[in-house]
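Asker:
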Amino acid sequence: MFVRGTPRPAETDVWAGTNTPRNRVFEAYAGVGSSQRKLLAELHAYSESEPWIADDCRDMAHWVSLNLGVTYYRAERWLFAARELEKLPRLSMALENGTLNLDKVVELCRFATPDEELKLIEWARRKSVTAIKERGDELQRISLEESSTSGRAGSSSGGG
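According to our numbering, the sequence shown holds residues 4 to 163 in order.
So this is what it looks like as structure tokens:
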């Protein structure tokens, strides 16, 4: 089902192939996603060579921030997503074909698994970036609480 404001992949668009302004917008948008996916793949590959060292940067996120003009926070998120997308082919394709935008994909990479990709893509098409980020924050908070609880339980039963 199409949600207004969310681009559809060309193969599901009943008007695919028609030269309307609307479809040209979706086609251009898919091209943006394809370029962004390529950028993430190139960043991932380039980071393996540790280029930040020669450029006197603290780390790869610092290098990305300085050289691509994005915040350090965004650079960290891009680099994390670049690594995760190697394991998430459906999510990678959703970015590449314009089904989801970069901001949504970056947030989904925080908690997506290969088994849940399709379900999460459909869910994310109906949600704002903020809602996806909040879900990631919630899952991260739960994970931290669980590890803190299990850490305390392990330390209290281990000594003595």
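Cβ coordinates follow ideal geometry from the N, Cα and C atoms, glycine included.
So, K90 versus P117, is the Cβ gap smaller than 8 Å?
Answerer: In the sequence shown, residue 90 corresponds to position 87, counting from 1. In the sequence shown, residue 117 corresponds to position 114, counting from 1. Yes, the Cβ-Cβ distance between K90 and P117 is below 8 Å.
Asker: Which same chain residues, not among the five before or five after E87, have their C-beta less than 6 Å away from its C-beta?
Answerer: Here residue 87 corresponds to residue number 84 of the sequence shown, with the count starting at 1. Same-chain partners within the cutoff: C112.
Asker: Let me know if L71 comes out buried or exposed under the rule of 16 or more other beta-carbons within 10 Å of its beta-carbon.
Answerer: Numbered from 1 along the sequence shown, position 68 holds the residue referred to as residue 71. Classification for L71: exposed.
Asker: Around the C-beta of V28, are 16 or more other C-beta atoms found within 10 angstroms, so that it is buried, or is it exposed?
Answerer: For the purposes of this step, residue 28 is identified with residue 25 of the sequence shown, where counting begins at 1. With fewer than 16 other Cβ atoms within 10 Å, it is exposed.
Asker: Determine the contact status of R40 and E99, defining contact as a CB-CB distance below 8 Å.
Answerer: For this step, residue 40 is matched to residue 37 along the sequence shown. For this step, residue 99 is matched to residue 96 along the sequence shown. Yes. Within cutoff.
Asker: Measuring CA to CA, which of V35, N22, T21 is closest to M96?
Answerer: Sequence index remark: in the sequence shown, residue 96 carries index 93 (1-based). Nearest option by C-alpha distance: V35.
Asker: Can you tell me which of the three DSSP states E99 falls into?
Answerer: Position 96 of the sequence shown holds residue 99. Looking at E99 - three-state DSSP - the assignment turns out to be helix.
Asker: Assuming contact is defined by CB atoms lying nearer than 8 Å, are A171 and V108 in contact in what I supplied?
Answerer: In the structure as shown, the chain begins at 4 and stops at 163. Residue 171 is therefore absent and cannot be evaluated.
Asker: The alpha helix (DSSP H) that contains V35, what's its start and end?
Answerer: To locate residue 35, count along the sequence shown from 1; it is residue 32. Counting along the chain, the alpha helix (DSSP H) containing V35 begins and ends at 24-50.
Asker: On a CA-only basis, which of A78, S38, L94 is nearest S50? Give me that one, please.
Answerer: By one-based count along the sequence shown, residue 50 stands at place 47. When each option's Cα is compared against that of S50, the closest is A78.
Asker: Measure from the alpha carbon of L105 to the alpha carbon of each residue in L42, Q143, E125, A57, then state which is nearest.
Answerer: On the sequence shown, position 102 is the one that residue 105 refers to. Selected option, being the one with the closest Cα: L42.
Asker: I124: which of E149, S38, T102, E137 sits nearest, CA to CA?
Answerer: Locating residue 124 in the sequence shown gives position 121, where the first residue counts as 1. Of E149, S38, T102, E137, the residue nearest in Cα terms is T102.
Asker: Determine the DSSP secondary structure at L105, reduced to helix, strand or coil.
Answerer: Indexing the sequence shown from 1 puts residue 105 at position 102. Looking at L105 - three-state DSSP - the assignment turns out to be helix.
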